[in-house]
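Have a look at the structure below before the remarks.
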Amino acid sequence: MGMGKIALGAVVGVAVIAAVSANADDGKDGGSGKDTSASAVHRPGSKQDTGAGKDPGGRAAAKKKAAFAGDGEFQVGSDIKPGTYRTTGNTDGMCYWERAKDASGEMDSILANDNVSGTSYVTVKAGDKLFKSNGCADWEAVAAKPKGSPASSMDGDGGMFRVGADIAPGTYKSAGNSDDSCYWERTKDAAHGLDSIIANNNVKGTAVVTIGAGDAYFKTTGCGNWKKTA
Numbered sequence: 144m145g146m147g148k149i150a151l152g153a154v155v156g157v158a159v160i161a162a163v164s165a166n167a168d169d170g171k172d173g174g175s176g177k178d179t180s181a182s183a184v185h186r187p188g189s190k191q192d193t194g195a196g197k198d199p200g201g202r203a204a205a206k207k208k209a210a211f212a213g214d215g216e217f218q219v220g221s222d223i224k225p226g227t228y229r230t231t232g233n234t235d236g237m238c239y240w241e242r243a244k245d246a247s248g249e250m251d252s253i254l255a256n257d258n259v260s261g262t263s264y265v266t267v268k269a270g271d272k273l274f275k276s277n278g279c280a281d282w283e284a285v286a287a288k289p290k291g292s293p294a295s296s297m298d299g300d301g302g303m304f305r306v307g308a309d310i311a312p313g314t315y316k317s318a319g320n321s322d323d324s325c326y327w328e329r330t331k332d333a334a335h336g337l338d339s340i341i342a343n344n345n346v347k348g349t350a351v352v353t354i355g356a357g358d359a360y361f362k363t364t365g366c367g368n369w370k371k372t373a
């Protein structure tokens, strides 16, 4: 696998929504800005899997047919269709993906990007022109509505979990960590734009967060393992 790239606007240890790139995608297809997931800036740690883990969809039990490979550049509309995709089982933190408005390769062409440990979901929009993936496990298409048996615990470095499919809504508490590398994020979609974020934070020690039933996804990187308390 190739070396992962660094997501734009990375500043280790900075929390809150305002820390995400001010040039974020406005959420419209084909937007001219670029956005980054704040989770990309944090150092993945080694955590014991106690719940949904880095394979929240049960990939080992029932592996879906890959929609496209984890390495390559894909034209939207011809190589891949718009829609939501998932990569899971990325254990080395080297997975990098990117949504782009053109194939120029310039910084301004980036609509969204992220470095992944564990699992990531990404919604590729009809207005996107190119999707890049480097060092990731193969991508699979996911259904529009959540399906699955939601868990009540999750790996604190597991990446991105779909609410209602991978994890149940509710209040979760992490086992804690000794530095401030723990980052969590509640999101309303998988577009990874600034306006996708409902709430986020960097935490040292234990963390407590309530994941709402209306949340779409929950991201966790470098944290202690989470357990549902209410």
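In case it helps, the numbering used here puts the sequence shown at residues 144 to 373.
Backbone N, C-alpha and C fix where the C-beta goes; we use that ideal spot for every residue, glycine too.
Problem - Whole beta strand (DSSP E) elements within the region 214-280, 3-residue minimum - result: Those beta strand (DSSP E) runs which fall completely within the region 214-280 and span 3+ residues are 215-218, 226-243, 253-267, 273-277.
Exercise for the section: Measuring alpha carbon to alpha carbon, tell me which of I253, S317, N258, C238 ends up nearest D271. Expected result: The shortest C-alpha separation from D271 is found at I253.
Handout entry: Buried versus exposed, by CB contacts within 10 Å (16 or more), V108
Key = With the chain covering only 144 through 373, there is no way to say anything about residue 108.
Practice task
Identify, in the order they occur along the chain, each residue of the same chain with its Cβ nearer than 6 Å to the Cβ of V346, setting aside the five sequence neighbours on each side.
Solution key: Excluding residues up to 5 positions away in sequence, C325 lie with their Cβ nearer than 6 Å to the Cβ of V346 in the same chain.
Exercise for the section: Excluding the 5 residues preceding and the 5 following T372 in the sequence, name in chain order all residues of the same chain whose CB lies nearer than 6 Å to its CB. Expected result: For T372, where only same-chain residues beyond five positions count, the Cβ hits under 6 Å are T314, K316.
Exercise for the section: Spell out a yes or no on whether the region 271-281 and the region 218-230 are touching, meaning 3 or more CB-CB pairs, one atom from each, closer than 8 Å. Expected result: Per the Cβ contact rule, the region 271-281 is in contact with the region 218-230 (3 or more Cβ pairs under 8 Å).
Practice task
Along the beta strand (DSSP E) that carries K362, what are the first and last residues, could you check?
Solution key: Start and end: 360-364.
Exercise for the section: Tell me whether T349 is buried or exposed, calling it buried when 16 or more other Cβ atoms sit within 10 Å of its Cβ. Expected result: When all chains shown are included, T349 counts as exposed.
Handout entry: Element boundaries [beta strand (DSSP E), containing N345]
Key = N345 -> beta strand (DSSP E) spans 340-346.
Practice task
Could you tell me if K362 is buried or exposed, where buried requires 16 or more neighbouring beta carbons within 10 angstroms of its beta carbon?
Solution key: With 16 or more neighbouring CB atoms inside 10 Å of its own CB, K362 falls in the buried class.
Problem - Inter-residue Cα distance where the pair is K370 and D298 - result: A direct Cα-Cα distance of roughly 9 Å separates K370 from D298.
Handout entry: Through-space distance from G261 to G236, alpha-carbon basis
Key = Near 7 Å, if we compare the C-alpha coordinates of G261 and G236.
Problem - At least 3 beta-carbon pairs within less than 8 Å: the region 318-332 vs the region 280-295 - result: With a cut-off of 8 Å, the region 280-295 and the region 318-332 do not count as touching, because too few Cβ pairs lie within range.
Practice task
Go to S292, then tell me how far its beta strand (DSSP E) extends in each direction, as first and last residue.
Solution key: That residue, S292, is in no beta strand (DSSP E); it is neither H nor E in DSSP.
Practice task
Please report how far the alpha carbon of D332 lies from the alpha carbon of P225, in whole angstroms.
Solution key: So the alpha carbons of these two residues sit roughly 14 Å apart.
Handout entry: Selected residue, minimal CA-CA separation from T364, among S296, A212, G302
Key = That would be G302, whose Cα lies nearest to the Cα of T364.
Problem - Delimiting residues of the beta strand (DSSP E) encompassing I354 - result: Run containing I354: 351-354, per the beta strand (DSSP E) assignment.
Problem - Own chain partners of A359 with C-beta closer than 8 Å, once the 5 adjacent residues on each side are dropped - result: Residues of the same chain with a CB within less than 8 Å of the CB of A359, apart from the 5 flanking positions on each side, are R305, V306, T330, K331, D332, A333 in chain order.
Practice task
Could you check if T353 is buried or exposed, using at least 16 other CB atoms within 10 Å of its CB as the buried criterion?
Solution key: T353 is exposed by the Cβ-count criterion.
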